[in-house]
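What follows is a short report on a single structure.
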Amino acid sequence: MSRRGFIRKPGRRGKNISTEQQYQVAVQHLDKGERHKSELVLRKILCKVPRHPHALHLLGLITHQSGKTERAIAIIKKAIGAAPDEGQFFANICEMYRVSGKLDEAISYGKQAVEISPSSTAAHANLGIAYYDSNNLDAAEACQRRALKIDNRFVTSLNNLGSIERARNNRQSAIGYFEEVLKYTPNHLESINNLGALLTEIWQPEKAVQLLSRALRLQPNYAKAHCNIAKAYMVLEQYEKAITGFTRALELDQEFAEAYMGLANVYQEHDNYPEAEKLAEKAAALAPEKPGVHSLAGDIYRSWEYPEKAAVCYTKALEFDPNHLPANLGLGYLQMQSGDMDLAEKTFEHVLKLDNSNLSAMLSLIDVEKIEKGDKRIEVLEKELEQLDSMAETKAIELHFGLGKCYNDTRKYNKAFPHFLEGCRLKRKRINYEPVGTDGKADTIISTFSAEKVRSLAGGGCPSNVPIFILGMPRSGTTLTEQIIASHPKVYGAGELADLEQVASINGKKYPLSMENITREKLRSIGERYVAGLQERNPQADRITDKMPANFNLIGLIHLILPNARIIHVRRNPVDTCLSAFTILFNKKTQHHSYDLVELGRYYLAYTRIMDHWRRLLPQGSFYELQYEDLVADSENQTRALIEFCGLDWEDACIAPHKTSRSVKTASITQVREPIYTSSVERWRKYEKFLEPLLNVLEDLVPNR
């Protein structure tokens, strides 16, 4: 916001100092950051000349800078009353009304400012920002362009045009404006911050961190830059740095809604949905008309397996802004999960109309559709990849997996696998994963659950028969199995839940270390807490499935805490399972073992050791083992046996799971929306020549080699 003053050298300070000289002293104090001293001088002037317009104006600015905007507006109005022809006064009260959220008043005063001072760049710019906040982007642009006709290097308006283009989803145009500002004014903080935020949005967080770090060197207490660099660290999966950035932003501005949103996102990524929900609610209370707070809540509920709540939040966000990209994307993902692929396709196409370079929408469409030879999107992705520099690894990862899928669909396997390989290599670089930790966890589980311990703790637990656990290796067929069972009218499919491992953490110790001194009473309590959380999702359902694959680690615990629960272990050809995982870009926080063929093989061996232990340890019939290949070859008989094991009467709907309308959130989402198919059986043979590192680890587990 601009400030008006008669900038002259102050006269000598003495007994006969004039009012004008006193005013210059006040200006000097303010230029040095000495607001309190400036205010004291101004009040002395106003004691002598109560209607001194420039003293009133400057006092109003100081009052506004002190956070007392309502009082500041009252003071500026007095200045206007004393000098109604000062356009700068109108321009500044326009800005004060804008930051107070009173946009009609802001626009009214802004119009008067440009009428009084048509050659004032600041007046046009301030009116434009008021129009921007009222979502009148065309009027906002017109104001900024009028300012630039007066001064074509007026960086405030160039920066504002960048923000307008960003709001229109014209990201490349926005980048051009921010870069132009930095060409004229290399240390323009707002443009550095805006450009950094935009780079994260277009999948270039590496460059964003570099740029925003520069902003923070220039201004260490710049809350927005702390928040934006934290967002970049989120995309880079550097969560501790992200938490530090969001926390610092909130220390500097306790009512910074975007920083609360960022922290909510961190908790969401780590499956702490209750805390994420609280933070999102805090953000919504601070900025209820901001569509982003509602789309974030939608993302949280979608990840938390509450699709109905998610839909309400996305709809609310779109009521505020029908073109809000995150809400449109979230709605598209939700439509995919609920099985409405046609509607999801239309939603992603709508996003591309809003932003024709939106990579998330393009890759989602590629996931939804079967790509045919000659599809123009393949060329688009290849061109995008060619144009990337070495820093843009995040975007490169997405492009490699997208191209791998395209070439797999078009049966160009020799082209597909190098893309999967490079995507995995880049992804693995940023992951903190140690295979030794997986091996050690397997050892601890096996040693913790001894035959003696299980015998001594058996006979307790929670008697509920509501839970049905579906577990195994990721990509082994757990999603299809859940879809079959959830097609039964008495079953609710809850999806992949992190609940079990969370309730199994005791006194700060995570499973399996939390089991060291466990008692029967504690086991029953764990079971009851788990069932209570499960039934919150659907209190009317007779049975509720939990298809978290990694629950294979907890089969012994499930046996003790929920002796009447059904446990289904899904098995698949080891190489097909591993290949399927290797060719999928999972959610940021999951399946870190999947991005290196040797590590993937080692994880599979650890899984095999744990499952062998449960087979030896637990009574026969403690869990049901379903072979994926048998299911797809003889679906009706296998499905009947599966439903019988669950203790349910037969329903014909179970034989047509692709027709079931329910939310599916996993990487297998598009496959379970088709009839049961056999094309994925022995898929690994198409890639055999690339899989030597994996095959050497699996050794005897590789079939027919």
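In the UniProt record's numbering, the protein residues as written are 1 to 705. Don't be surprised by glycine CBs; every beta carbon is placed ideally from N, CA and C.
Check: Opposing strand residues paired with R566 [DSSP bridges]; Outcome: I468
Check: Candidates L403, D299 and W614: closest to V454 by CA position; Outcome: W614
Check: Cα-Cα separation between A581 and T244, rounded to whole angstroms; Outcome: 32 Å
Check: Buried versus exposed call for S266 [16 or more other C-beta atoms within 10 Å across all chains shown]; Outcome: Note that residue 266 is Val in the sequence shown, not Ser. With 16 or more Cβ atoms within 10 Å of its Cβ, V266 is classed as buried.
Check: Range of the contiguous beta strand (DSSP E) that encloses E625; Outcome: Y624 to Q627
Check: Same chain, Cβ closer than 6 Å to V181, neighbours up to 5 away in sequence not counted; Outcome: V155, L158, N159, H188 and S191
Check: Within the UniProt repeat "TPR" (257-290), ranges of the alpha helix (DSSP H) (whole runs, at least 4 residues); Outcome: 257-269 and 273-286
Check: Sequence-distant residues of the same chain with beta carbon closer than 6 Å to residue 713, five excluded per side; Outcome: Residue 713 lies beyond the residue range present for the chain, which begins at 1 and ends at 705; the question has no answer from this structure.
Check: Nearest to I643 (by Cα), restricted to the options E482, D700 and G508; Outcome: E482
Check: Nearest residue (CA-CA) to V368, options G374, K353 and Y333; Outcome: Y333
Check: Cβ separation of A264 and P291, assumed to be a contact under 8 Å, to the nearest whole Å; Outcome: Wrong, their Cβ atoms sit about 15 Å apart, outside the cutoff.
Check: C-beta contact flag for E379 and H400 at 8 Å; Outcome: no
Check: Close-in-space but distant-in-sequence residues of the same chain around Q627 (CB under 7 Å, 5 per side omitted); Outcome: R571
Check: Whole-number beta carbon distance between A123 and V114, since they are thought to touch under 8 Å; Outcome: 5 Å
Check: Delimiting residues of the alpha helix (DSSP H) encompassing G404; Outcome: E393 to D409
Check: Integer Cβ distance of D439 from A606, believed to fall under 8 Å; Outcome: 6 Å
Check: 3 or more residues per run - each beta strand (DSSP E) lying fully within the stretch 571-628; Outcome: 624-627
Check: Pairwise C-alpha distance: E305 and G472; Outcome: 20 Å
Check: V702 - partner residues in DSSP beta bridges; Outcome: Partner(s): none; V702 has no beta bridge.
Check: Start-to-end residues for the alpha helix (DSSP H) that takes in D652; Outcome: From DSSP, D652 is part of no alpha helix (DSSP H); its letter is neither H nor E.
Check: Y511 versus S450, K395, N553 and P50, residue with shortest Cα-Cα distance; Outcome: N553
Check: CA-to-CA distance, L252 to A82, given in whole angstroms; Outcome: 37 Å
Check: Span separating the alpha-carbon of T185 from that of F178; Outcome: 10 Å
Check: Sheet register partners of R543 (DSSP bridge); Outcome: V491
Check: Opening and closing residue of the alpha helix (DSSP H) in which M341 lies; Outcome: M341 to L354
Check: Whole runs of the alpha helix (DSSP H) within the stretch 494-543, excluding any shorter than 4 residues; Outcome: 499-503 and 520-537
Check: Assumed close pair I76, G60 - CB separation to whole angstroms, cut-off 8 Å; Outcome: 4 Å
Check: Pairwise C-alpha distance: A486 and E651; Outcome: 11 Å
Check: For P549 and S295, the rounded distance between their alpha carbons; Outcome: 28 Å
Check: Through-space distance from L597 to L691, alpha-carbon basis; Outcome: 8 Å
Check: Exposed unless 16 or more other CB atoms sit within 10 angstroms - verdict on A396; Outcome: buried
Check: The stretch 491-499 contacting the stretch 561-568, beta-carbon criterion three pairs below 8 Å; Outcome: no
Check: Among C143, E398, K429 and G533, nearest to F586 - alpha-carbon criterion; Outcome: E398
Check: Under 8 Å between C-beta atoms of L618 and H559; Outcome: yes
Check: N-terminal and C-terminal residue of the alpha helix (DSSP H) that V681 is part of; Outcome: Careful: V681 lies outside any alpha helix (DSSP H) and carries neither H nor E.
Check: Q204 burial status per 10 Å Cβ neighbour count (16 or more: buried); Outcome: buried
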